[in-house]
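Following: one structure in structure tokens, then a few remarks.
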Amino acid sequence: MESHMLATWLLVCVLLRPAATQDTAPEGVLNCCEGDVLFLLDSSGSVSSYEHSRMLTFLSELLLPFSLGEDQVRVGLLQVGTRPRLEFGFDAHGAQSGLQGALRNVKPLRGDTNTVEALRMARDWALRPGAPGGAREGLPRVLVWLTDGVKPGDVIEPMAELREEGVAVLVVSTGHSNYQMLRQVVTPPVESNLYFVDIDDMSIITEDLRDAIIEIIRAERITVRDVATDSATLQWRPVLSGLTGYYEIRFSSLPPGETGGGGGGEGGGGTSPSTSGGHYQRLTKSADSSTARLTGLKPDTTYTATLTPESNDQAFNTLSITFVTKPEVLSPAVVTVSESGLTSVRVSWGPSQPEAVTSYYVEYSALPRGKLHAVTVGRTQNSTLLRDLQPDTTYLVTVSARHASGTEKAMSVKVCTQEVTPALADLQLTTVGSDSVQVDWRSSPGGLRGYWLTWEEQQSSAPGQRSSLYLPPDSLSTRLTRLPPAARVCVSPIYRTARGEGLCCTAQFNSNALPYGYQS
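The sequence shown begins at 1088 in this note's numbering and counts up by one.
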């Protein structure tokens, strides 16, 4: 009887012992996050079977609390060996049971430590948004590199490329690694994203590394984008979607010397002291909102903002973030040149600041010692056309802005007018009969208003014997009839303001001509 009761008691204890499921997760981890985490595991020949097993056990304990799935956390494992291999991708395991079983079945690759090739695979495939089986668009991406530190290869550049593409890099080293090299590859802050630990003591960093990952992929996070001199946009995950309520946003500038507690891009929980009292601005947004534009900010100023989801259905943390507005850029910050012609050029400048600038003053002169010219331009304009310039000439142009604050800023550029090219070429006269001639010529395109033809008897000095004819700019030939003997024919280009230099030829006839005229 006693043995039967003991067996029953043991059975009850077994049945009541908590299972290793997501329900045993530490408080605050379940449903906390949304992102893609790729583990780069060194399983080359320098890693013993025992060390490889300890690393996998560490990963199992590290990942156990997370909720997995398409709208939660997704995990991938890429092993490093002579030929790196993706053990499983992000879309392989949507539950802890599958992930834990896959980790138990991973076998080491051995061979060389080809980390560079593994990083190429990570960048070009696993961590590339939109790639088949790759990371999701718009969500945080994390690379966690577990290495024994033995001959990892030249990883600084490929790691830098991953960071530039928005991937957060964390490193765990179990051997005698090059600290300076690892310090360069991790994403700041180094103190929370770089770990050195003995293979038998990896459990002591489990919680810290998990917190570092959570800080990056936390779903309840607030970010700032489109920061300008006087505005910025807050963006957050719409945690109130489907619920009743609203978002309350407070923001204010920090006194000089204070940095706030929200970091430069993401904020954690907790209300910022600078917005809990004193002078601040307040906004409210509807429950389906995910962005808010903060306006009326000062240039080059540190601000802190808090976001509080308010709902009677559920309690949410207050999120905070600290950011710095861009310094004021006084116009002109850039001067450009366009529409360069023979005698004119357009000068443009920016940024446009009609509210801060009273007028612009443009000075220009031919180099090296040309006469100085100037023109005043209204504050709403950002360009002007300089006219009556000399062809094929370099000018120094200075644009000065007179600001309402009393300050002035100037910027100079060199501009060149176009070189004069002959408008006409290859004038040919072909006699047709005894008193007619076919006139043909070639012309450079653009800028012409037409052609002026004149003809007269070359040996005649009698007045009134010259005739002329206007032809439109698309004409390149005409026929003149009833010309005098030895007639001199000239063709000149017509520009907007004057007639250009032309070409002339003489037509020789063998017979006396009738009184001359033309036919076009």
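The beta carbon of each residue, even a glycine, is placed where N, CA and C say it ideally should be.
Bridge partners - residue i, DSSP secondary structure assignment
i     : result
D1123 : R1161 and R1228
R1312 : T1320
M1498 : V1486
S1492 : Paired residue(s): none; S1492 is not in a bridge.
Q1525 : T1517 and R1566
L1206 : For L1206, which the question treats as bridged, DSSP gives no partner whatsoever.
L1370 : I1336
P1396 : Y1334
V1416 : Paired residues: none, contrary to the question.
F1283 : S1260
T1391 : S1339 and T1409
P1557 : Note that residue 1557 is Tyr in the sequence shown, not Pro. Y1557 pairs with W1539.
V1167 : D1129
H1460 : Y1451
T1481 : C1503
A1255 : V1229
L1327 : Answer by DSSP bridge pairing: none, since L1327 is not bridged.
Range of the contiguous beta strand (DSSP E) that encloses residue i
i     : result
E1147 : As written in the sequence, residue 1147 is Ser, which differs from the Glu given in the question. Premise fails: S1147 lies in the alpha helix (DSSP H), S1136 to L1150, not in any beta strand (DSSP E).
P1580 : A1574 to I1581
I1300 : Note, I1300: premise wrong, no beta strand (DSSP E); alpha helix (DSSP H) at T1293 to I1304.
I1408 : L1406 to V1411
V1449 : V1444 to A1453
R1380 : T1378 to T1382
L1214 : Per DSSP, L1214 belongs to no beta strand (DSSP E) and is neither H nor E.
L1173 : R1172 to F1175
R1433 : V1432 to G1437
A1585 : No beta strand (DSSP E) holds A1585; DSSP gives it neither H nor E.
A1594 : L1590 to A1594
V1424 : V1421 to S1425
S1470 : S1470 to L1473
Buried or exposed (CB count within 10 angstroms, at least 16 for buried), residue i
i     : result
E1114 : Caution applies to E1114, whose pLDDT of 43 falls short of 50 and renders its modelled position unreliable; the model cannot decide the point.
G1589 : buried
T1261 : buried
A1574 : buried
R1474 : exposed
S1359 : Low confidence applies to S1359: its pLDDT is 40, below 50, so where it sits in the model is not reliable, and the reading given next is rough at best. So S1359 counts as buried.
A1585 : exposed
T1111 : Note that T1111 scores a pLDDT of 44, beneath 50, so its modelled location is shaky; the value from the coordinates is reported in the next line. Exposed, by the Cβ-count rule.
L1459 : exposed
L1151 : buried
D1513 : exposed
A1491 : exposed
I1291 : exposed
H1366 : exposed
Y1557 : exposed
G1156 : exposed
G1349 : With a pLDDT of only 42 at G1349, under the threshold of 50, the placement of this residue in the model should not be trusted; the figure read from the coordinates follows. Looking at its Cβ environment, which holds 16 or more other Cβ atoms inside 10 Å, G1349 is buried.
D1298 : exposed
G1236 : buried
V1524 : buried
N1469 : buried
E1138 : buried
Y1266 : exposed
A1183 : Reading off the sequence shown, one finds Gln at residue 1183, where the question assumed Ala. By the neighbour-count rule (16 or more Cβ atoms within 10 Å), Q1183 is buried.
G1356 : Note that G1356 scores a pLDDT of 37, beneath 50, so its modelled location is shaky; the value from the coordinates is reported in the next line. Per the 10 Å Cβ criterion, exposed.
A1594 : buried
Within 8 Å, strictly: CB atoms of residue i and residue j
i     : j     : result
S1339 : T1391 : yes
A1255 : T1412 : no
V1519 : W1542 : no
T1568 : D1522 : yes
L1330 : S1377 : no
G1649 : S1131 : An answer regarding residue 1649 cannot be provided, because it is not within the stretch 1088 to 1607 covered by the chain.
M1289 : F1145 : yes
R1504 : S1427 : The question names Arg, but residue 1504 is Thr in the sequence shown. Taking 8 Å as the Cβ cut-off, T1504 and S1427 qualify as a contacting pair.
D1123 : R1207 : no
V1502 : Y1538 : no
CB-CB length for residue i against residue j, believed under 8 Å
i     : j     : result
P1386 : D1317 : 7 Å
Y1448 : R1489 : 7 Å
I1304 : C1120 : 4 Å
L1394 : I1336 : 6 Å
F1410 : V1311 : 5 Å
L1186 : H1180 : 4 Å
R1270 : V1277 : 6 Å
R1433 : S1446 : Contact doesn't hold; Cβ gap of about 19 Å is too wide.
Extent of the continuous alpha helix (DSSP H) run through residue i
i     : result
R1191 : Q1183 to R1191
Y1028 : A question about residue 1028 goes unanswered here, because the residues of the chain that appear run from 1088 up to 1607.
S1279 : V1277 to N1280
E1251 : I1243 to E1251
L1269 : Y1266 to V1272
Neighbour flag for residue i against chain C, beta carbons, 8 Å
i     : result
E1450 : Here there is only one protein chain, and chain C is not present.
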